[in-house]
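Working notes for the structure below.
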Amino acid sequence: MAAHMFAAIDVGSFELELGIYEITTKNGIREVDHLRHVIALGKDTYNTGKISYELADETCAVLEDFVGVMKAYGVTEYRAYATSAMREAKNNQIVLDQIRVRTGIEVKIISNSEQRFISYKAIASKAAEFDKTIQKGTAIVDVGFGSMQISLFDKEALVSTQNLMLGVLRIRELFSTIPAEAAVHQKLIEELVDNELFTFRKMYLKERDIKNIIGIGESVLYLAKRSDGEKPATRISAEQFQKFYDRLIGLSIDQVEERFGVNEEYAALLLPSAIIFKRILEITGAEMFWVPGIRLCDGIVAEYADEKKLVKLSHNFEEDILVASRNMSKRYKCHTSHIQIIEKYVLDIFDTTKRFHGLGQRERLLLRIATILHDCGKFISMKNPSQCAYYIIMATEIIGLSHSERTIIANVVRYNVEEFGYNQIRSGETILIGKLTAMLRLANALDRSHNLKLSDCRMAVKGGQLVITTDNSEDITLEATSFLQKADFFEEIMGIRPVLKQKRRV
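Basically my numbering = 1-based index in the sequence shown + 4.
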């Protein structure tokens, strides 16, 4: 099979990156070239809320050069993603339009959860080391320029993830206006980091035994290069990192530039990064720090190759999303046995009526997540659980889902109880949300009493109807009444009438 030439572009908060990759089914992914241009878009965004004309113009000029490189390598496909600096800029649509018109490049702004998930795919592409590392309790600490993400793995599964506004560029900009000596800045940064990590530890690290830290992000690549004397290191003990940190804090910016081979802009970012990782190692008690040496561009190509089935990643990312959703459900005290049986019902309905709804595997996943989270609002209010559930879901990052997908899930959960808002949903999503809502409502009706009475039910399409049959002889009046109430909406949206039948035993 011929090699695919692919380009990954990262429009980041501190730099623009271009990765050129060769992908073959035999040899997997091979990086051919990698270009970087330092441009602090985040400096504008985090200070003024907008990207200036000068930086937008420079961005376009650099991307024009990237296009020339892509043509020279014969690139046939590319993906260009923008992260927090573009995401938070009030004028991002204007800047993206200028990029499209001047360069022809379509840049997609990705959510924080999408960004981190893409990076995890790059780590997982190093299958042997990744799988071995996450056998024990592991935290992936992704320190970016705008924020940091801490994701906890337990026995190969992602159990929780949180985003903290502790990006190294954001921290630097925060303290750049405070005239003080380096030692004072160091203490202020430590206090800021400690405050955020104290809350994280209290909420998410209880009874968790973290043995390994996986560090990703641009700044950690430089830390790894010099953390073991002059020799690049990928695995660093906590003791080695502490020794390196003690040396680093004694250096001036000029000395950091010289020893790390970076410019002044980068040099000022290494101290915040080192403080963050030092504190993470301390609060978790982790023994080992692994730096796999990946960038967002590596994640973009891994995502592309995985989707196109050009390579096979061994890690089950869909299961990560489901485990994280179940942990969220557990946090809000949802009824586990009810959710498990509803999940079975809703997937049976989805699979049995596939030719009527025409949805794919991704929509099936969204339906499962909505089912897992459909009762979380009761933790806040028994009187108005649907609205509370909507706000909980919208305020909680679910790693691997886009903002749009999270909105779909939140609306499905909301309209599981509330009257369907035909005119309140963003155009283009009404039908999808309606279909998923109809299936969740019907599945929920089958366990209205939460007593699992219909756990033996079978589903089949017969005579133009969705026939659901149970042999259970118990009184199912509550379920049958609720089912009848949900049947009209299901028929309206799905185009097939659901019927519940109970076979009486003689």
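Using N, Cα and C, we set each Cβ at its ideal position, and we do this for glycine too.
- By the beta-carbon neighbour count (other beta carbons within 10 angstroms, threshold 16), TYR426 is exposed.
- Of the candidates MET74, ALA126, VAL66, ALA126 places its Cα closest to the Cα of ASP302.
- Per DSSP, GLY72 is one residue of the alpha helix (DSSP H) stretching across 57-76.
- Segment contact: the stretch 355-364 against the stretch 165-172, fewer than three CB-CB distances shorter than 8 Å; contact not assigned.
- Between GLU92 and LYS348, the alpha-carbon positions lie close to 39 Å from each other.
- Secondary structure within the stretch 91-149: the alpha helix (DSSP H) runs of 4 or more consecutive residues, fully enclosed, are 96-107, 116-128, 131-137 (chain order).
- The Cβ-Cβ distance between LEU300 and ASP310 does not fall below 7 Å.
- Only residues of its own chain outside the window of five on either side were considered, and among them TYR394, ILE397, MET398 have a CB closer than 6 Å to the CB of ALA414, listed in chain order.
- DSSP places MET498 in the uninterrupted alpha helix (DSSP H) bounded by 481-498.
- Residue range 300-311 is occupied by the alpha helix (DSSP H) that includes ASP310.
- Taking all protein chains shown into account, GLN506 has 16 or more neighbouring C-beta atoms within 10 Å of its C-beta and is therefore buried.
- If you draw a straight line from the Cα of GLU185 to the Cα of PHE179, it is about 11 Å long.
- If the five residues before and after PRO296 are omitted, its C-beta is found closer than 6 Å to the C-beta atoms of ILE127, LYS130, all from its own chain and listed in chain order.
- The alpha-carbon of PHE157 is positioned some 29 Å away from that of ASP250.
- Inclusion of LEU377 and SER117 in the CB contact set at 7 Å is not warranted, their separation being larger than that value.
- By the neighbour-count definition (other C-beta atoms within 10 Å, threshold 16), ILE193 is a buried residue.
- CYS380 places its beta carbon less than 7 Å from that of TYR336.
- Per DSSP, LYS54 has no beta bridge partner at all.
- Exclusion of the five residues before and after VAL327 leaves ALA161, LEU162, VAL163 as the residues of its chain whose Cβ lies within less than 8 Å of its Cβ.
- Beta-bridge partners of ILE220 (DSSP): ASP146.
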